[in-house]
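Trainee: Pasting in a structure now, in structure tokens, and then I'll have a few things to ask.
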Amino acid sequence: MTEKMLANAQKAIEEAAQGIRRHEYAPRPSFIYCPTCAYADICPSAIRRSAA
């Protein structure tokens, strides 16, 4: 891992922590994670599988 990679990771972590402290959680809908998410039933951004 290079110093630049570590610096980029540090910046991403700091930005995520700041967002958490400000209660800013951007939705990131995903066919992989939405079906198993505990909040999928109430999340307006959740990807839902349609009944065939």
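The numbering used here puts the first residue of the sequence shown at 528, with every later residue one more than the last.
Glycine included, every Cβ here is placed at the ideal spot set by N, Cα and C.
Bear in mind the structure is a predicted one, so any value in this text is a computation, not a measurement.
1. Measure the beta-carbon distance from Pro556 to Ile574 and round it to whole angstroms, keeping in mind my assumption that it falls under 8 Å.
2. For a test of the three-state rule: what should DSSP assign to Glu551, helix, strand or coil?
3. My output table needs one value for Thr563: the three-state DSSP class, helix, strand or coil.
Mentor: Quick answer:
1. What you label residue 556 is simply residue 29 of the sequence shown in a count that begins at 1. What you label residue 574 is simply residue 47 of the sequence shown in a count that begins at 1. Yes, they are in contact, since the Cβ atoms of Pro556 and Ile574 sit about 5 Å apart, within 8 Å.
2. Taking the sequence shown and counting its residues from 1, one reaches residue 551 at position 24. Reduced to three states, the DSSP call for Glu551 is coil.
3. Looking up residue 563 in the sequence shown gives position 36. Looking at Thr563 - three-state DSSP - the assignment turns out to be helix.
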